[in-house]
Amino acid sequence: MTSKRLVSAVGSLLAKKGFKGIGVNAVAREAGVDKVLIYRYFGGLPGLIAAFGKEGDFWPSALEMAGGDLQKFSQLPLEKRLSEFASNFIRALRKRPLTQAIMAWEMIETNELTEDLERVREQSVMEFFQMFFIKDQARIDLQAVVMLIGAAISYLVIRSNNIDLFGGMEIGADQGWKRIEQAIAAISSSLVKTI
1 MTSKRLVSAV
11 GSLLAKKGFK
21 GIGVNAVARE
31 AGVDKVLIYR
41 YFGGLPGLIA
51 AFGKEGDFWP
61 SALEMAGGDL
71 QKFSQLPLEK
81 RLSEFASNFI
91 RALRKRPLTQ
101 AIMAWEMIET
111 NELTEDLERV
121 REQSVMEFFQ
131 MFFIKDQARI
141 DLQAVVMLIG
151 AAISYLVIRS
161 NNIDLFGGME
171 IGADQGWKRI
181 EQAIAAISSS
191 LVKTI
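Sequential numbering from 1 applies to the sequence shown in the numbering used here.
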């Protein structure tokens, strides 16, 4: 299907050239279609970028971040939800090299297209937070806690593409990530005890 080829072309160009390589002509050429179809299917480049963010397996879904079972995840105690979210988020990001490349590009280059992807990502993250963490009565700012966990994971996953060690831990290896998961679980446990 042509619309899927266009969405795929966006991902391919972002991985190869970053956001500076994205334009209507470049995407159409990469997809092997006429640029008019970008306007017909998506209303223009911003619509196509938004579609990539939602449809292109760019960002993990709520189902994936919940470990495949939304109902079961919602029943977990807060401590377990925090640690499971972290573990699932680690796995989801580590298996998405394109997402890692795009997130790295976003750190050095911002424009209308990066902002479009950021909106998609933020909407997804906030929906997940509201589904699973907003109901908890806590004396701490759970949104900030979840954001810090997510930010730490994102940063370390991106860095793991270029370095093997961070703080003496092997972030390029599964055993290093297992240690990180265990540390987040310990932090979550300690944090919940203060609530």
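Each residue gets a CB set at the ideal place from its N, CA and C atoms; glycine is no exception.
- Check the Cα spacing between Asp116 and each of Ser188, Ala51, Val24 and Gly18: the tightest is with Ala51.
- Boundaries of the alpha helix (DSSP H) harbouring Trp177: Asp174 to Lys193, taken from the DSSP string.
- The C-beta separation of Leu70 from Asp136 comes to about 16 Å, leaving the pair out of contact by the 8 Å criterion.
- Under the Cβ criterion (8 Å, minimum of three pairs), the region 30-49 does not count as touching the region 60-68.
- Looking at the backbone, the Cα of Ser87 and that of Gly67 are separated by about 9 Å.
- Within the same chain, Leu13 come within 7 Å of Ala26 by CB-CB distance, once the 5 residues on both sides are set aside.
- Note: Leu165 is bridge-paired with Glu170 in the DSSP secondary-structure output.
- Taking all protein chains in view, the Cβ of Ile140 is surrounded by fewer than 16 other Cβ atoms within 10 Å, so the residue is classified as exposed.
- Contact between the region 120-132 and the region 152-161 is absent: fewer than three C-beta pairs spanning the two stretches fall below 8 Å.
- Secondary structure of Glu109 (DSSP, three-state): coil.
- Asp34 and Ala9 have their C-alpha atoms spaced approximately 13 Å apart.
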